[in-house]
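Its first residue numbered 5, the sequence shown is counted upward by one per residue in this note's numbering.
Heads up, the beta-carbon is just placed ideally off N, CA and C, and yes, glycines get one too.
Here's the structure, in structure tokens; my notes come after.
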Amino acid sequence: MREHQTDILIVGGGVGGCAAAVAGTSLGYRVILTEETDWLGGQITSQAVPPDENRWIEMFGCTRRYRAFRNGVRQYYREHYPLTPDARANARLNPGGGRVSALCHEPRVAVAVIEAMMAYPRTAGLLNVLSTERCASTRCARRRSAVGEFPRAV
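Laid out in structure tokens, this is it:
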């Protein structure tokens, strides 16, 4: 088994894990993010479930990075999809037109936006995304360690 050294280990590449990885790398930490599927994003990329957000999400109630993700989804549609002029100009574009969320979108768009947000830390050598079959943690004094099988990088 190959050994990896890191400042921060994040087990799970859902939206929260991805956000934590981007936050950690933005502070200069080396981060390993593990994910047991072939792509990142959790429910919004693997189950076609729109983000579960508060009703004030368009005005307040989210972090700057989550706002960047939401804006990135909208911008992806503006750049890659044939939208009507009204839809293209709509600052609150809801590409899927769903009522369950103010931002219904295709899973593959979320994957593209997440990958774009992680591109710089990955190329800078701060972020390593690994696919894992299982991961278990132990705690020894002030250090934590994790044991897992990492057959391939995502």
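Within 9 Å, strictly: CB atoms of Ile12 and Ile36 = The count along the sequence shown starts at 1 and reaches residue 12 at position 8. The count along the sequence shown starts at 1 and reaches residue 36 at position 32. Contact: yes.
Considering only residues of the same chain and omitting the five flanking positions on each side of Ala116, which have a CB-CB separation below 8 Å?
-> Numbered from 1 along the sequence shown, position 112 holds the residue referred to as residue 116. Counting only Cβ-Cβ distances below 8 Å, and skipping sequence neighbours, we find Tyr80.
Is the beta carbon of Ser135 less than 9 Å from the beta carbon of Asp42?
-> The residue labelled residue 135 in the question sits at position 131 within the sequence shown. The residue labelled residue 42 in the question sits at position 38 within the sequence shown. Their beta carbons are under 9 Å apart, which means Ser135 touches Asp42 by this criterion.
Whole angstroms is fine: what's the gap from Gln9's alpha carbon to Gly102's?
-> Taking the sequence shown and counting its residues from 1, the one referred to as residue 9 is at position 5. Taking the sequence shown and counting its residues from 1, the one referred to as residue 102 is at position 98. Rounded to the nearest angstrom, the two C-alpha atoms are 43 Å apart.
Contact check, Pro125 vs Thr29 under 8 Å by CB: the rounded distance?
-> Residue mapping note: residue 125 aligns to position 121 of the sequence shown, counting from 1. Residue mapping note: residue 29 aligns to position 25 of the sequence shown, counting from 1. Sure, about 4 Å apart at Cβ, within 8 Å.
Are the beta-carbon atoms of Leu97 and Arg82 separated by less than 9 Å?
-> Mapped onto the sequence shown, residue 97 falls at position 93. Mapped onto the sequence shown, residue 82 falls at position 78. Yes, these two residues count as a Cβ contact at 9 Å.
DSSP three-state assignment for Ser135, whether helix, strand or coil = Translated into the one-based positions of the sequence shown, residue 135 becomes position 131. Three-state result, Ser135: strand.
Have a look at Gly21 and Glu7 and give me their C-alpha separation to the nearest angstrom.
-> Counting from one through the sequence shown, the residue named residue 21 turns up at place 17. Counting from one through the sequence shown, the residue named residue 7 turns up at place 3. Straight-line Cα distance between these residues: approximately 21 Å.
Cα separation between Asn58 and Gly65?
-> As a working note, residue 58 is residue 54 in the sequence shown. As a working note, residue 65 is residue 61 in the sequence shown. The alpha-carbon atoms of Asn58 and Gly65 are separated by roughly 7 Å.
Rounded Cβ spacing between Tyr70 and Ala23 (contact assumed at less than 8 Å) = For the purposes of this step, residue 70 is taken as the residue at position 66 of the sequence shown. For the purposes of this step, residue 23 is taken as the residue at position 19 of the sequence shown. 7 Å between Cβ atoms; contact.
Which whole runs of the beta strand (DSSP E) in the segment 31-96 are 3 residues long or more, in chain order?
-> 35-39
Val195, DSSP secondary structure in three states = For residue 195 there is no data in the structure shown, the boundaries of the chain being 5 and 158.
Spatial neighbours of Ala114 within its chain, please: CB distance less than 6 Å, with the 5 preceding and 5 following residues excluded, ordered by chain position.
-> Here residue 114 is taken as the residue at index 110 of the sequence shown, counted from 1. The residues Gly45, Ile48, Thr49, in chain order, have a CB closer than 6 Å to that of Ala114 in the same chain once the five nearest residues on each side in sequence are set aside.
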